[in-house]
Amino acid sequence: MATPRIGKPLNIGSHDLPVSAELDDLMARDWAPSPLPGDLALPVASRTPARRARLSARFPGERIVVSAGELRTRNADCDHRFRPHSAYTWLTGLSGEDQVGHVLVLEPDGPAGHEAVLYVRPRSPRVGGEFYRDRRHGEFWVGRRPELEEVERMTGVRCVDAAAQQPPPGRSVTADPEVAAAISELRLVKDAWEVAELQSAVDHTVAGFEDVVRALPTALAHPRGERWIEGVFGLRARAEGNGTGYETIAASGAHACVLHWIRNDGRLDPSELLLLDAGVETDTLYTADITRTLPLSGRFSPVQRQVYELVLAAQEAGMAAVKPGAAFRDFHRAAMRVIAEGLADWGVLPHAEGDLHRRYTLCGSGHMLGLDVHDCAQARASAYTDGVLEEGQVLTVEPGLYFQPDDLTLPSELRGVGVRIEDDLVVTTGGARLMSGALPREVEEVEVWMGELLERRG
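According to full-length UniProt numbering, the sequence shown is numbered sequentially starting from 1.
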């Protein structure tokens, strides 16, 4: 086999013209001071030391490294929008796009404690050209980063210039499963500040669902109405927060039977249902996760109502099982018992025993919620899925029925019908508080709510 011939290096041109010495000299002078204004301390800065102390206690004498992450290329010279790693945000309070490449190091300090050190890239200096020539880091290209002293005032953490000094190696949250599990487990119970952020995310999400209902007449007329729905919700998410906490599922008709339908390229049919699974992520990166299944005509047909009310009954049973000391899986079991009995009553299943109902419901009925939509997913099973619920945990309850359009075990009128109802709850002393109760769930309430929104639109 012939050795591939390697040619001379190609001279690939830049979009930018060369910079003359005169321009470089001009750009380096006559800039007024422009410090960040006001009190820079982050609202959560008083809480992050305790979080870091709890992690420190798990790994005495060991260096822990928590990176915000790096930019990832989308295509050619375009990067994906940056979002810091959730563990980094939880431990520092820093959540902005300017955290690219930054690293938190917990440096052993004595036999049991650690000193927190942030390795950050400070503001572009007005000499050397980075501030106006560097497309990835230059201030005139991507915006101002804080100075080291400003970051210290934001976080209360000592800062080091990451451009001048690389962070040392250690046990990393992205490479060490034990560290990742420890941080996930520490994040399972939310404090009052976190619950408030999650409630804000829920409230903005409720507004986004209202926006969607008002936009239904336009979406119904568009050849890709699902995309229109996605865009309407996305506008609310970007206007009120950082964006969506996950890719919006706008699934009409049989698309609702695909659990994570995010192509959202379908037309809307007034005779069908729309399954909308969406959540606003706050600027602090906490996300809601709510699903409603809505009749595109404004009213449920008899078959649609039949399926919807069974899912609703399952959700009610699941939510009633959420309380401190209950097994995490109890709410799923309660919901699935209602689903199995309902399917047996319909004659879809020969009996309610066993797991035959899973052909039509497929997945679990909920998960933890927080900085990630599937929060704390790297926790050990003993602390999460096989554990018990505690006051302060926030989770979703989301049973569903997904009747595939080609499923010959079903009567024809059920095929292609998909329904999921999902709400967010915080575990309290005596049970759980429904955080997303502002969105109606009962059939009549949904129909009245949709009618009022559409009437006010007109």
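We put the CB at the ideal spot given by N, CA and C, even for glycine.
Could you tell me whether any Cβ in chain E is nearer than 9 Å to the Cβ of residue i?
{"i": "R433", "result": "The structure shown has no chain E; it contains just one protein chain."}
Find the nearest neighbour of residue i within the set the options, judged by alpha-carbon distance.
{"i": "N242", "options": "R29, A381, R58 and G96", "result": "G96"}
{"i": "L454", "options": "T282, F209 and D277", "result": "F209"}
{"i": "M319", "options": "D191, H332, L310 and V105", "result": "H332"}
{"i": "P324", "options": "G387, Y402, E452 and H85", "result": "G387"}
{"i": "I249", "options": "G234, A239 and E240", "result": "G234"}
{"i": "T293", "options": "H255, D283 and D265", "result": "H255"}
{"i": "R29", "options": "F131, D16 and R81", "result": "F131"}
{"i": "P125", "options": "P49, A32, H102 and G156", "result": "A32"}
{"i": "S436", "options": "R133, R263, E139 and T287", "result": "T287"}
{"i": "S14", "options": "R133, R52 and M27", "result": "R133"}
{"i": "P223", "options": "N264, A327, V426 and L118", "result": "N264"}
{"i": "S271", "options": "A239, S301, I262 and W261", "result": "S301"}
{"i": "F403", "options": "Y308, R52 and L26", "result": "Y308"}
{"i": "R18", "options": "K8, L434, G129 and G69", "result": "A small fix is needed here, since residue 18 is Pro in this sequence, not Arg. Cα-wise, what sits closest to P18 is G129."}
{"i": "A192", "options": "F328, T428, A379 and E452", "result": "T428"}
Are the Cβ atoms of residue i and residue j separated by less than 9 Å?
{"i": "Q315", "j": "E398", "result": "yes"}
{"i": "A340", "j": "S365", "result": "no"}
{"i": "L273", "j": "I229", "result": "no"}
{"i": "R47", "j": "V100", "result": "no"}
{"i": "R171", "j": "E115", "result": "no"}
{"i": "residue 525", "j": "R299", "result": "Summary: the structure shown does not reach residue 525, with the chain confined to residues 1 through 458, and so no result is reported for it."}
{"i": "residue 460", "j": "V151", "result": "With the chain running from 1 to 458 in the structure shown, residue 460 is simply not present."}
{"i": "D330", "j": "A344", "result": "no"}
{"i": "G113", "j": "S56", "result": "yes"}
{"i": "L40", "j": "R123", "result": "no"}
{"i": "V142", "j": "D98", "result": "yes"}
{"i": "G93", "j": "T284", "result": "yes"}
{"i": "V173", "j": "L276", "result": "no"}
{"i": "R54", "j": "L186", "result": "yes"}
{"i": "D424", "j": "V394", "result": "yes"}
{"i": "G245", "j": "G279", "result": "yes"}
{"i": "L296", "j": "D269", "result": "yes"}
{"i": "L401", "j": "T361", "result": "yes"}
{"i": "S184", "j": "C376", "result": "yes"}
{"i": "H102", "j": "L118", "result": "yes"}
{"i": "T155", "j": "L71", "result": "no"}
What does DSSP give as the partner residues of residue i in its beta bridges?
{"i": "T73", "result": "D79"}
{"i": "A250", "result": "L276"}
{"i": "M319", "result": "Per DSSP, none; premise fails for M319."}
{"i": "Y119", "result": "V103 and V160"}
{"i": "D16", "result": "Per DSSP, none; premise fails for D16."}
{"i": "P295", "result": "L273"}
{"i": "residue 463", "result": "The chain is shown from 1 up to 458; residue 463 falls before or after that span and cannot be answered."}
{"i": "P169", "result": "Paired residue(s): none; P169 is not in a bridge."}
{"i": "M27", "result": "Answer by DSSP bridge pairing: none, since M27 is not bridged."}
{"i": "T287", "result": "E281"}
{"i": "G400", "result": "R420"}
{"i": "M368", "result": "L395"}
{"i": "L425", "result": "L395 and L434"}
{"i": "H114", "result": "P108"}
{"i": "S67", "result": "V103"}
Classify residue i: buried if its beta carbon has 16 or more other beta carbons within 10 angstroms, exposed otherwise.
{"i": "V127", "result": "exposed"}
{"i": "L23", "result": "exposed"}
{"i": "W449", "result": "buried"}
{"i": "T73", "result": "exposed"}
{"i": "T396", "result": "buried"}
{"i": "C78", "result": "exposed"}
{"i": "E445", "result": "exposed"}
{"i": "T291", "result": "buried"}
{"i": "G347", "result": "exposed"}
{"i": "G253", "result": "buried"}
{"i": "L10", "result": "exposed"}
{"i": "G266", "result": "buried"}
{"i": "E390", "result": "exposed"}
{"i": "I441", "result": "The sequence shown places Arg at residue 441, not Ile. Buried, because 16 or more other Cβ atoms sit within 10 Å of the Cβ of R441."}
{"i": "V232", "result": "buried"}
{"i": "E240", "result": "buried"}
{"i": "A76", "result": "exposed"}
{"i": "E194", "result": "buried"}
{"i": "E197", "result": "buried"}
{"i": "G430", "result": "exposed"}
{"i": "P167", "result": "buried"}
At a cut-off of 8 Å, would you count residue i as near the ligand SAH, judging by its Cβ distance to the nearest heavy atom?
{"i": "C376", "result": "Among the components modelled here there is no ligand, and therefore nothing to report on the ligand SAH."}
Query raised in the report: Using 8 Å as the Cβ pair cut-off and three pairs as the minimum, do the region 174–189 and the region 408–425 touch?
Result: Segments in contact, no.
Report task. Would you be able to state if there are at least three C-beta pairs under 8 Å between the region 193–210 and the region 156–170? Result -> no
Query raised in the report: Are three or more beta carbon pairs between the region 99–114 and the region 54–68 nearer than 8 Å?
Result: yes
Query raised in the report: Do the region 21–40 and the region 146–159 meet, that is, are 3 or more Cβ pairs less than 8 Å apart?
Result: Touching, yes.
Report task. Decide if the region 79–93 is in contact with the region 366–378; the criterion is three or more beta carbon pairs, one per stretch, under 8 Å apart. Result -> yes
Query raised in the report: Does the region 212–219 touch the region 400–408, meaning 3 or more C-beta pairs lie closer than 8 Å?
Result: no
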